[in-house]
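Asker:
Numbering (the numbering used here), first residue to last: -9 to 413.
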């Protein structure tokens, strides 16, 4: 249907219909919340573009969007935190979390803030704004698409055979990452994290931590690949979301490569408006703490996510202020080992049900020398030939080895062709 329909306007209407049906398949009620949210922000953006009281309309938009996010995602978490800190027993609201609300809320904010910064980018068509927010490839799992990156593509894109073919290949890669790698290593990770404290040991905890580190990368980057591939199949070009983060040689390098759409969103719409690094070292440190607090909180309504974000922020600051003198380390594998150690250990905090379990798990990673029969059985049970093969494959593919080999082969072929042509 998409290919048959003439012109981008007709294609856009079709995409909106399909995207809303797609979202309604998982969210039959809250699909109306998303559409209502888009409508409110569309109106506020038009008011901002009119230049009268534009700061007021921007503040209303931010309060409205973050208010919806807080009610649906964080109301229970905030209530539980208040009950834990204060001598009160407030009823905890049981509100179902709409799929993808964090992603489409940030995209809506991106649109309104972009209009505030440049009135000329405002969309007069409500349907175009609705398409930008609801476009199904990236609606529920990202990447977060900033409005100005896609504004020209809404009505001006062109679909070519080569783009569509690349999209199909990219989608297959993403689906393979998810189904073949992430699901396989994820099963082992789940089994290790499900062990009781008595059955945990150094081998089981390290196996679980490494397996989860690979699982979350292939899970998330796989979804991003599928979204980018689907986008190309429809004529859209979304920016990359991962760039081999497990090859990083510092935590700063890691965040230049990991979940790029999120880190760049926070940098552009929170860190820089807070002052960035322009107001002295102390203020820069505070700004980074704020950014990584919200980076962690964005991932989920649990203190484990908040602590994970703050730990990453801490290591970034330690690197920035030379407390961890990476520039003095000339042996690159040592830098990589440090980075991966921080990433793996902090992902335990991210994965654990609560901070107490995270603490026990990490302690066992470094002190769990005694190995019980149950621990040994649980560990050996996971080491099937399939799991070992997938783990090796996952480690190899986390580095750009395939791309490097491909380039060398292409270069060699071109060299042979030139020799033949010359002869």
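Heads up, the beta-carbon is just placed ideally off N, CA and C, and yes, glycines get one too.
Since I believe residue 2 is in contact with residue 117 (beta carbons under 8 Å), could you give me their beta-carbon distance rounded to a whole number of angstroms?
Answerer: Right, their Cβ atoms sit about 7 Å apart.
Asker: From this set, 392, 93, 49, which residue's C-alpha is nearest residue 163's C-alpha?
Answerer: Checking every option, the nearest Cα to that of residue 163 belongs to 392.
Asker: Can you tell which of 398, 276, 51, 134 has the C-alpha that lies nearest to the C-alpha of residue 303?
Answerer: Nearest option by C-alpha distance: 276.
Asker: Just verifying my parser: in three-state terms, what is the DSSP assignment at residue 69?
Answerer: Looking at residue 69 - three-state DSSP - the assignment turns out to be helix.
Asker: Please say whether residue 291 and residue 16 have beta carbons closer to each other than 9 Å?
Answerer: Against a cut-off of 9 Å, the Cβ pair of residue 291 and residue 16 comes out as no contact.
Asker: Please list the terminal residues of the continuous alpha helix (DSSP H) segment that includes residue 121.
Answerer: Taken as a continuous stretch (DSSP letters only), the alpha helix (DSSP H) holding residue 121 covers 116 to 124.
Asker: Quick check: the Cα distance between residue 360 and residue 236, rounded to an integer number of angstroms?
Answerer: So the alpha carbons of these two residues sit roughly 30 Å apart.
Asker: Going by alpha carbons, who is nearest to residue 242 out of 9, 190, 260, 311?
Answerer: The option with the nearest alpha carbon to residue 242 is 311.
Asker: Suppose you measure from the CA of residue 199 to the CA of residue 250; what does that come to, to the nearest Å?
Answerer: Distance between the alpha carbons of residue 199 and residue 250 is about 23 Å.
Asker: Using a Cβ-Cβ cut-off of 7 Å (strictly less than) and excluding sequence neighbours within five positions of residue 147, which residues of its own chain qualify?
Answerer: Same-chain partners within the cutoff: -2, 225, 226.
Asker: Determine the burial state of residue 321: buried for a count of at least 16 other Cβ atoms within 10 Å of its Cβ, exposed for fewer.
Answerer: So residue 321 counts as exposed.
Asker: If we count the other Cβ atoms within 10 Å of its Cβ and call it buried at 16 or more, is residue 434 buried or exposed?
Answerer: Examination of residue 434 is not possible in this model, given that the chain is present from -9 through 413 alone.
Asker: So, residue 155 versus residue 105, is the Cβ gap smaller than 9 Å?
Answerer: No, these two residues do not count as a Cβ contact at 9 Å.
Asker: Does residue 230 come out as helix, strand or coil in the three-state DSSP assignment?
Answerer: Reduced to three states, the DSSP call for residue 230 is coil.
Asker: How would you call residue 76, buried or exposed, if buried means at least 16 neighbouring beta carbons within 10 angstroms?
Answerer: The residue in question, residue 76, is exposed, as its Cβ has fewer than 16 Cβ neighbours within 10 Å.
Asker: Rounded to the nearest angstrom, how far is the Cβ of residue 111 from that of residue 138, given a contact under 8 Å?
Answerer: Right, the Cβ-Cβ distance comes to about 6 Å (below 8 Å), so this counts as a contact.
Asker: Quick check: what's the CA-CA separation for residue 415 versus residue -5?
Answerer: No information on residue 415 is available, as it lies outside the stretch -9 to 413 that the chain covers here.
Asker: Alpha carbon to alpha carbon, how far is residue 182 from residue 210?
Answerer: If I take the Cα positions, the gap works out to 21 Å.
Asker: Residue 58 and residue 100 - do their beta-carbons sit closer together than 9 Å?
Answerer: No, these two residues do not count as a Cβ contact at 9 Å.
Asker: Take the Cβ of residue 268 as the centre, count every other Cβ of all protein chains shown within 10 Å, and call the residue buried at 16 or more, exposed below.
Answerer: Residue 268 comes out exposed.
Asker: According to DSSP, simplified to helix, strand and coil, what is residue 239?
Answerer: DSSP places residue 239 in coil when its eight states are reduced to three.
Asker: Residue 375 to residue 174, Cα distance in whole Å?
Answerer: Cα-Cα distance, rounded: 12 Å.
Asker: Please report the straight-line C-alpha distance between residue 38 and residue 55, rounded to a whole angstrom.
Answerer: The straight-line gap from Cα to Cα measures roughly 16 Å.
Asker: Round the Cβ separation of residue 97 and residue 123 to the nearest angstrom and send it over; I've been treating them as touching at under 8 Å.
Answerer: 6 Å between Cβ atoms; contact.
Asker: Once you ignore the five residues that flank residue 397 on each side, which residues in its own chain have a CB closer than 7 Å to its CB?
Answerer: Same-chain partners within the cutoff: there are none.
Asker: Put residue 145 into one of helix, strand or coil per three-state DSSP.
Answerer: Three-state DSSP puts residue 145 in a helix.
Asker: Can you check the segment 13 to 52 for any alpha helix (DSSP H) of at least 4 residues that lies completely inside it and give the ranges in chain order?
Answerer: Taking only runs of at least 4 residues, the alpha helix (DSSP H) segments lying wholly in the segment 13 to 52 are 21 to 39.
Asker: Could you say which of 8, 399, 202, 92 lies nearest to residue 135 if we only look at CA atoms?
Answerer: Answer by Cα proximity: 92.
Asker: If you draw a straight line from the alpha carbon of residue 389 to that of residue 293, how long is it in whole angstroms?
Answerer: In a straight line, the C-alpha of residue 389 is about 31 Å away from that of residue 293.
Asker: Extract the residue ranges of the alpha helix (DSSP H) inside the segment 318 to 369, only unbroken runs of 4 or more that lie entirely within it.
Answerer: Those alpha helix (DSSP H) runs which fall completely within the segment 318 to 369 and span 4+ residues are 322 to 341, 345 to 357.
Asker: DSSP three-state call for residue 267: helix, strand or coil?
Answerer: Note: residue 267 maps to coil in three-state DSSP.
Asker: Using beta-carbon positions only, say whether residue 365 and residue 185 come within less than 9 Å of one another.
Answerer: Going by C-beta atoms, residue 365 is nearer than 9 Å to residue 185.
Asker: On a CA-only basis, which of 261, 238, 329, 271 is nearest residue 283? Give me that one, please.
Answerer: Cα-wise, what sits closest to residue 283 is 261.
Asker: How many angstroms separate the CA atom of residue 178 from the CA atom of residue 201?
Answerer: Between residue 178 and residue 201, the C-alpha separation is close to 7 Å.
Asker: So, under 8 Å CB-CB, residue 208 and residue 168 are touching, yes? Tell me the CB distance rounded to an integer number of Å.
Answerer: Yes, residue 208 and residue 168 are in contact; Cβ-Cβ is about 7 Å, under 8 Å.
Asker: Can you tell me whether residue 416 is buried or exposed? The criterion is at least 16 other CB atoms within 10 Å of its CB, across all chains shown.
Answerer: Outside the modelled stretch of the chain, which goes from -9 to 413, sits residue 416, for which no answer is possible.
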